[in-house]
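Peer 1: One structure coming up, written as structure tokens, with questions to follow.
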Amino acid sequence: MSVNQQAHTGPPYGQPQPGYQGYQQPAYGGQPLPAVPQSQYGAYNGPMPGYQQPVPPQGSLRAPPTSGAPPPASGASLPSGHLAYSQFGHGDVQNGIPASAAPMQRPPASQPFLPGSAPTPVSQTSTFQQYGHPPASVQQLSNHMAGMTIGSTTASAPPPAGLGYGPPTSVPPVSGSFSATGSGLYTPYTASQGPPPTSVSQGLPLAQPPFPGQPISTQRLPTQVPGFAPPPSSTGIGLSSYPPTTGAPRPPTMPGPPLPGQTLAGPPASQPNHVSSPPPPPSTMAGPHPGPPMSGLHGPPPPTHPPQPGYQMQQNGSFGQVRGPQPNYGGAYPGTPNYGSQPGPPPPPKRLDPDSIPSPQLNELPPQQKPRHRIDPDAIPSPIQVIEDDRSNRGSEPFVTGVRGQVPPLVTTNFLVKDQGNASPRYIRCTSYNIPCTSDMAKQSQVPLAAVIKPLATLPPEETLPYLVDHGESGPVRCNRCKAYMCPFMQFIEGGRRFQCCFCSCVTEVPPHYFQHLDHTGKRVDFYDRPELSLGSYEFLATVDYCKNNKFPTPPAFIFMIDVSYNAMKSGLVRLICEELKSLLDYLPREGNMEESAIRVGFVTYNKVLHFYNVKSSLAQPQMMVVSDVADMFVPLLDGFLVNVNESRTVIASLLDQIPEMFADTRETETVFAPVIQAGLEALKAAECAGKLFIFHTSLPIAEAPGKLKNRDDKKLINTDKEKTLFQPQTSFYNNLAKDCVAQGCCVDLFLFPNQYLDVATLGVVTYQTGGSIYKYAYFQLETDQDRFLNDLRRDVQKEVGFDAVMRVRTSTGIRATDFFGAFYMSNTTDVEMAGLDCDKTITVEFKHDDKLSEDSGALLQCALLYTSCAGQRRLRIHNLSLNCCTQLADLYRNCETDTLINYLAKYAYRGVLSSPVKTVRDALINQCAQILACYRKNCASPSSAGQLILPECMKLLPVYLNCVLKSDVLQPGPEVTTDDRAYIRQLVTSMDVAETNVFFYPRLLPLTKADVDSDSLPAAIRNSEERLSKGDIYLLENGLNIFVWVGVNVQQGLIQNLFGVSSFSQISNALSTLPVLENPFSKKVRSIIDMLQVQRSRYMKLIIVKQEDKLEMLFKHFLVEDKSLSGGASYVDFLCHMHKEIRQLLS
């Protein structure tokens, strides 16, 4: 069924009911898996009641406890006084969905899985600052979401199969079970809800929920202080004390009024899993139940679908506790906030902490809203929470790379890296840091093994750049057989005279000049003096053998090629480019200590013909030469075309002044394109150097010439089998041209300024295959787009780039690199060739098994990049990384990195659209993720009812992020997305790094009105959903390409005045491309936040002002990725339900 279908009636996705969370589910359930360390994580479930959100770490799947000692055995409890850590327990996120019947019994205290077998970074000291021990007691949080019942419908006790939507109000959630030792973290439910029952089978929904009115007969636990669970005998209320649910009699309950939407016929047959079989429609009310009917209950409940005002419809089912009042929720919380109080005994005083508020009880809602219940978005895994937790846990300590297989902090965390033998995560990130020993295990889990490599990544100023090692004429020391480069993992033997290769085990003689004695541990005495023996990343100076034609390269050249057709002249673009180049040429990239750049420059203008310029320093005025025979391109001059900027400064300035004047009155609208690239290529060939072409182009090249294109844009192909042709080039001409460019080291950067279709899919081919960048400014207007274009151009010209690059990834025996994604060309199966590789580009490499791996030796990767620096020096940059190997699936799932996984999956899908229908690609993505999660559920999570959705701690964001990829413009375009936009985004994402895909698919949303004007910090981000926005606030949303500033209709006039310099909401102009510079703290703060974000991204983001209820708001809402999208994309809640259904189908 499609993800977005809303029609699930009845329980399966039944509306959530309040108060469910109390049911605790043993986290990872019953018995600890053999040989698998337990986890500290509990069931996943939204913040604990009574628990202030941001504290706990989560996401901490990162490194294991310091000692490296195995986690305590199951059921072991922490010394009291330790907090059981993590807001959502750390191990398996148990997004509940308890089934309504037939759940399994589990032994009391099993401890869920602990992340770590990997040794911790040296720096971590505190015991559990980050990754604490397994939480105190099993259940620890299991209750947390109490099983996140997605499917079963109650929040309090899940109703029997046929019960529809009402929350049974009287089952107080179990509370004393949080952790055996006073974990101050979780406020048990007692605070807000009657006494906890002890005899409810926990986590296992009851076969039939009690009706409101009387509490289930239960023993009361001793009253508890909110915030502490009583220390029960060793394990909290162990599960074992509960009777199995299946056919066991339930604690007696008295009839009470039926809940709305509930089918009231006698106890229904237990329906084991709530999501698979079609449930009875909500309206089956089999006659009134004894007891006073509730108002509004006669007759079928209001239709579930169009949402009531104020309540946004989503799938029902309860995911644990519900959020506090949301802005714009009409009347949902009437009267005093009686949230979730049990109707039974009078509730004790409540804490109104939004996170501890269960959803409103039915009897408190106005009648028409009663059945309008749904899964609570606050109770499902939150990206914001995971990011915040990782920042607070891992942002303060440096990440020391000395230990094998350590999972680094998230890309959203600011941290310092200390290289002690493995490459920094800024250079390489992996989908998993603990890989399966066998291919069968890898196939079973379906977790792709991939590395996202950014060989020339920019480092923060506090970290040292890779050292450059010069071994003289003999060049770097390498293995004789596999040609791997000397690295920290090579083993020296025979007193240091030979070394054994860590990749292929071959033994190689140490060259005499490189010999050094070993110390008593077998390490070379000069270990710390040689970067290649002690660091993960370093560079070697290459010898002439590593150069083309066995001669050292000459410094590269930059050629600026400007479209001077009518469109480019009329928009003011040509004048703008010429003005900017006058100053920009002083900032060409140069080696660290050089006075001036070694790069030479040349200039070409074109429309239907090409104009070359001689700017030789000895000339008084530049000379122009026209080549009109575009079918056979040649360069009409050699001497004087590529020049040194300083020597020819006056001639260049004169040329840049004249170009806008020369073509001011042009009437030529047609352009050529392929001949422009050919001209640049020929010029570099003639000069015998590599280089980069900067092409500024405005329209579809329809003039008669090689590479001429026709307009083939056709929206009707969307959702047909021919849709893939929209992403493919129209002609193979450009592929062949790209191949020639790569051979010469000619990289092409393309700046596009289209006013209509221009076929990015074809024009981008050469850029893409040469390792270049594309920038696109649709409907370019000087006043609004100038800043963005100039900033992009400056950064593009100045950034570090390697030319004529070849990259090879070597691996230790057992795995090999099989597939590559990114902007490059491959002429064989191992070498990734790039005419240019800059500091923003990544290459994603997928590995497959070709043999068994061993847990002892782990697996090694070595990425070697051969390139020419901007000064013309040939170098090798080496990055090494060691990974752990595992025989237990749990270790794989405990060491994955979801952000990297999503980066890989998006690239895989975006390549898939070139050859398969988009629907096939989407289905394959959903299926692969369902398999990953089903394998975890089956093999790593302890047995529990199939009605629960259980996610691995470090993959709990996989569903929300995957949904964002599925809803992206490439895979599910809205009507306003052009074919060119889709082709552009597809190419862009293919070479993005992990931080860029993270914010691109799940944008960052900041409440500007909450910013502290006196501090340098950013306001805390909020989740991407419309219901998080308040009309009285101003928000900023960024995704790496755009920055939206959304202004609510009720924002105070003073704030509007301070930020926009106008006196009212209606006067704010949508046309602003920058905020006015006003001298007040709020304006300064907002502008500094924007500047800070701009610096973090590789492209200058376009600023768009959006007023609430304005036409631009539709565009803004497209980026609120947790909501349903106009193009048919599912909301996060719906998609989670859909994933759960897919997982259950796989398991059954």
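For the sequence shown, the working numbering assigns the number 2 to the initial residue and increments by one for each residue that follows.
Even for Gly, the Cβ is constructed at its ideal location relative to N, Cα and C.
Once the 5 residues before and after L701 are set aside, which same chain residues still bring their CB inside 7 Å of it?
Peer 2: L710, N712, Y758, L759 and D760
Peer 1: Would you check if the stretch 1067-1085 and the stretch 1098-1112 touch, i.e. whether three or more CB-CB distances between them fall below 8 Å?
Peer 2: They touch, by the three-pair rule.
Peer 1: At a cut of 8 Å, does the stretch 532-544 reach the stretch 842-860 through at least three beta carbon pairs?
Peer 2: no
Peer 1: At what residues does the alpha helix (DSSP H) containing K686 begin and finish?
Peer 2: Here the alpha helix (DSSP H) through K686 covers A675 to A688.
Peer 1: Can the beta-carbon of Y776 be found closer than 8 Å to that of A451?
Peer 2: With contacts defined as CB atoms closer than 8 Å, Y776 and A451 fail to qualify as a contacting pair.
Peer 1: If you draw a straight line from the C-alpha of C1138 to the C-alpha of Y937, how long is it?
Peer 2: 17 Å
Peer 1: Using the Cα positions of Y894 and Q445, report the straight-line distance between them to the nearest angstrom.
Peer 2: 12 Å
Peer 1: Nearest by alpha-carbon distance to K1118: which of R1029, R1098 and I1057 is it?
Peer 2: R1029
Peer 1: Report yes if the CB atom of E724 is closer than 8 Å to the CB atom of P976, and no otherwise.
Peer 2: no
Peer 1: Using a Cβ-Cβ cut-off of 7 Å (strictly less than) and excluding sequence neighbours within five positions of T888, which residues of its own chain qualify?
Peer 2: C438 and E856
Peer 1: Is DSSP giving P960 helix, strand or coil here?
Peer 2: helix
Peer 1: Expressed to the nearest angstrom, what Euclidean distance is found between the alpha-carbon atoms of S733 and L989?
Peer 2: 21 Å
Peer 1: Quick one: using the 10 Å Cβ neighbour count with 16 as the cut-off for buried, is L783 buried or exposed?
Peer 2: Classification of L783: exposed, given that the 10 Å Cβ count is below 16.
Peer 1: Pull up the distance between the alpha-carbon of C488 and that of L866, whole angstroms please.
Peer 2: 14 Å
Peer 1: Compute the Euclidean distance between the alpha carbons of L694 and V1050, then round it to the nearest angstrom.
Peer 2: 47 Å
Peer 1: Span of the alpha helix (DSSP H) holding S535?
Peer 2: P532 to S535
Peer 1: How would you label R482, buried or exposed, when you count the other beta carbons within 10 angstroms and need 16 or more for buried?
Peer 2: exposed
Peer 1: For I494, which of helix, strand or coil comes out of DSSP?
Peer 2: strand
Peer 1: Looking only at C-alpha atoms, which of A907, D1135, A872 and V833 sits nearest to R601?
Peer 2: A872
Peer 1: With a floor of 3 residues, list each beta strand (DSSP E) that falls wholly inside the stretch 744-828, ordered by position along the chain.
Peer 2: 747-753, 775-777, 802-812 and 816-822
Peer 1: Apart from the five residues just before and just after I1144, which ones in its own chain have a Cβ nearer than 8 Å to its Cβ?
Peer 2: A931, L934, A935, R938 and L950
Peer 1: Name the residue from K716, L656 and N615 whose alpha carbon lies nearest to the alpha carbon of A684.
Peer 2: N615
Peer 1: Rounding to the nearest angstrom, what Cα-Cα distance links H880 and Y539 in this structure?
Peer 2: 7 Å
Peer 1: Short check: CB of L1006 to CB of A1022, under 8 Å?
Peer 2: The criterion of a C-beta distance shorter than 8 Å is satisfied by L1006 and A1022.
Peer 1: Could you tell me whether the stretch 790-809 touches the stretch 827-837, using the rule of 3 or more Cβ pairs below 8 Å?
Peer 2: yes
Peer 1: Given a threshold of 16 other Cβ atoms within 10 Å of its Cβ, counted over all protein chains shown, does Q1146 qualify as buried or as exposed?
Peer 2: exposed
Peer 1: For the candidate residues E389, P382, I388 and N415, whose alpha-carbon lies nearest to that of E398?
Peer 2: N415
Peer 1: Does the Cβ of K1142 have 16 or more other Cβ atoms within 10 Å, making it buried, or fewer, making it exposed?
Peer 2: buried
Peer 1: Cutting at 7 Å between CB atoms, please list the residues of its own chain near I719, excluding the five before and the five after it.
Peer 2: The beta carbon of I719 sits closer than 7 Å to those of P974, all from its chain and outside the five residues before and after it, given in chain order.
Peer 1: Could one say the Cβ of D715 lies closer than 8 Å to chain D's Cβ atoms, at least one of them?
Peer 2: The structure shown contains no chain D; it is built from a single protein chain.
Peer 1: Which runs of the alpha helix (DSSP H), 4 residues or longer, sit entirely within the stretch 612-676?
Peer 2: Annotation note: the stretch 612-676 contains the following uninterrupted alpha helix (DSSP H) runs of length 4 or greater, listed N- to C-terminal: 650-663.
Peer 1: Run through the DSSP bridge pairs and tell me what F1045 is partnered with.
Peer 2: L1038 and I1105
Peer 1: Taking 6 Å as the limit between beta carbons, can you name the residues of its chain near M491, skipping five residues before and five after?
Peer 2: F500 and C503
Peer 1: Under three-state DSSP, which class holds M570?
Peer 2: helix
Peer 1: Look up D715 in the DSSP assignment and say whether it is helix, strand or coil.
Peer 2: coil
Peer 1: Which runs of the alpha helix (DSSP H) at least 4 residues long sit entirely within the stretch 472-518? Give them in chain order.
Peer 2: Qualifying alpha helix (DSSP H) stretches: none in this window.
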